[in-house]
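Below you'll find the structure, written out as structure tokens, and then a few comments.
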Amino acid sequence: MSQYLLIKKLNVQNANAIAGLTYGFPAITNFLGFAHALSRKLPANLNVNLGGVMVISHKNQVHAQQPKGWGDYAFALTRNPLTHQGKTAPINEEGRMNMQISLLVEIKGLVAGDTLTETELKAHLNQLIPTLRLAGGQIIGFEACDLLNTEKQQAYALRHLMPGFVLMDRHEYLASHFEQLKIEQADACLFDAWCDFATLTYCANPNEGQQIEDNDEPEAAITKAQWNYIAKPNAGYLVPIATGFCAISPLYGAGEVANVRDKKVPVTFAETAYSVGEWQSVHRLHHIETALWRYTENHPWYIATTNEFSQPIIEPDFIESEAAFHPDNL
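Using the numbering used here, you'd call the opening residue of the sequence shown number 19 and step up by one each time.
Now the structure itself:
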């Protein structure tokens with residue numbers, strides 16, 4: 019039976035709220051990276067590794083405001099110190115947020131009933147967690163750090179994570195909607211399908227027989243219309259999310275690319291990969307396994323998912339040959 023680590027009600031301030039083209043919540047890669055960093059810092063003698071991660075959001079607040087009291091929101095930015103010349107430092111737009119989340123992390127290598135290792139593991143975790151950053155933000159506290167070894171403990175923990183919302187992967191919604199959109203619009207692209215999950219769309223339906231004549235232009239007439247909301251392609255609290263990366267260049271050998279961070283490893287250039295997620299109330303979750311995010315490698319994609327991976331849709335002209343990956347052709 020699977021065992022899990024529960025980090026309950028983790029409070030993070032000034033976390034990064036921008037993930038590529040999306041904003042409002044950190045990319046899922048931030049939470050997988052946090053679990054990976056935590057796993058690497060554990061003592062080797064414990065022989066314990068951390069795997070998939072389930073993310074539960076309890077509350078969050080993006081540092082944004084409406085300058086005019088209405089209309090578009092703008093990020094609330096910090097004032098940087100003066101430069102060494104005494105001049106005002108330039109402002110770089112950074113989206114920040116405060117959030118309270120809980121993380122359920124898969125534990126690998128822990129023998130059930132080994133209370134000595136469990137006690138030592140919890141002691142190390144309580145010391146390590148406050149020293150790390152999560153999505154670039156500072157961890158200012160957490161309620162508890164528990165190990166869930168039995169189904170009874172896991173069910174009890176889930177009930178006590180309410181109110182909260184679990185982020186689920188819905189990449190299959192995007193794939194099916196894109197196929198339907200191509201039937202309706204021959205020139206539709208994958209980005210159009212993705213935007214249908216991100217935008218609020220209204221359509222004007224004219225009211226028959228209700229026209230208002232324009233005195234300045236007698237021949238012109240204005241027809242009254244009823245503006246109706248167009249629902250998203252699927253039901254649910256669906257949001258656009260960043261889920262990983264896609265290679266846009268061939269794999270270069272170690273040392274072939276100048277000015278990289280580590281010249282001892284191969285290098286490839288990549289861009290953010292996007293998908294669709296759904297915020298689902300914790301009480302609707304029956305099995306933790308279905309909500310665990312894990313990385314899946316399927317070249318050129320390196321993507322995090324919570325369910326069985328299906329081949330991502332690639333634009334017809336995206337990968338024709340190795341020449342398409344050459345930097346001179348990008």
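Glycine is no exception: its CB is placed at the ideal position from the N, C-alpha and C atoms.
From residue i to residue j, what distance separates their C-alpha atoms?
i       : j       : result
Ala-291 : Leu-100 : 37 Å
Tyr-191 : Glu-111 : 32 Å
Leu-146 : Gly-113 : 26 Å
Ile-337 : Thr-323 : Residue confidence is low: Ile-337 scores 48 on pLDDT, short of 50, so the model does not pin down where it sits. Its coordinate-derived value is still stated next. The alpha-carbon atoms of Ile-337 and Thr-323 are separated by roughly 23 Å.
Asp-214 : Ala-206 : 12 Å
Pro-334 : Cys-163 : Confidence in Pro-334 is poor, its pLDDT being 43 and thus under 50, which makes the residue's placement too unreliable to answer from.
Thr-168 : Leu-218 : 43 Å
Tyr-320 : Ala-211 : 21 Å
Ala-92  : Lys-86  : 10 Å
Ala-253 : Asn-116 : 28 Å
Leu-208 : Tyr-255 : 21 Å
Ile-25  : Thr-241 : 58 Å
Glu-107 : Thr-96  : Note that residue 107 corresponds to Ala in the displayed sequence, not to Glu. One C-alpha to the other measures close to 11 Å.
Ile-119 : Gly-131 : 28 Å
Thr-261 : Leu-39  : 12 Å
Within the continuous beta strand (DSSP E) that includes residue i, where are the two ends?
i       : result
Phe-209 : It is not in any beta strand (DSSP E) - Phe-209 instead sits in the alpha helix (DSSP H) that spans 208-213.
Asn-48  : Where Asn-48 is concerned, there is no enclosing beta strand (DSSP E), although the alpha helix (DSSP H) it sits in stretches over 46-59.
Tyr-320 : 319-323
Ile-349 : Past the boundaries of the shown model lies residue 349; the chain is included only from 19 to 348, so the question cannot be answered.
Glu-315 : 312-316
Leu-150 : Careful: Leu-150 lies outside any beta strand (DSSP E) and carries neither H nor E.
Give every residue of the same chain whose Cβ lies closer than 7 Å to the Cβ of residue i, excluding the five residues on either side of it in the sequence, and list them in chain order.
i       : result
Leu-64  : Thr-135, Glu-138 and Leu-139
His-142 : Leu-60 and Pro-61
Tyr-11  : Only positions 19 to 348 of the chain appear in the structure, and residue 11 is not among them; the question remains open.
Ala-82  : Tyr-91, Ala-92, Phe-93 and Ala-94
If you follow the alpha helix (DSSP H) that residue i is in, where does it begin and where does it stop?
i       : result
Thr-133 : 133-146
Ala-204 : That residue, Ala-204, is in no alpha helix (DSSP H); it is neither H nor E in DSSP.
What does DSSP give as the partner residues of residue i in its beta bridges?
i       : result
Val-285 : Tyr-270
Met-72  : Leu-122
Leu-185 : Trp-297
Lys-77  : Gln-118
Gln-244 : Asn-223
Leaving out five residues on either side along the sequence, give the residues of the same chain with a beta carbon under 6 Å from the beta carbon of residue i.
i       : result
Ala-153 : Ala-33, Asn-34, Pro-44 and Asn-48
Gly-155 : Val-30, Gln-31, Asn-32 and Ala-33
Ile-109 : Leu-95
Residues in the same chain with beta-carbon distance under 8 Å from residue i, minus the five sequence neighbours each way, listed in chain order, please.
i       : result
Pro-345 : Bear in mind that a pLDDT of 42 at Pro-345, under 50, signals an unreliable position, so the number given afterwards is only what the model happens to contain. Cβ within range, chain order: Ser-267 and Phe-287.
Tyr-220 : Trp-245, Asn-246, Tyr-247 and Ile-248
Ala-55  : Leu-150
Say whether the stretch 176-193 touches the stretch 59-71, bearing in mind that this needs 3 or more beta-carbon pairs closer than 8 Å, one atom from each stretch. no
Taking 8 Å as the threshold, find out whether the stretch 237-252 comes into contact with the stretch 300-319 through three or more Cβ pairs. no
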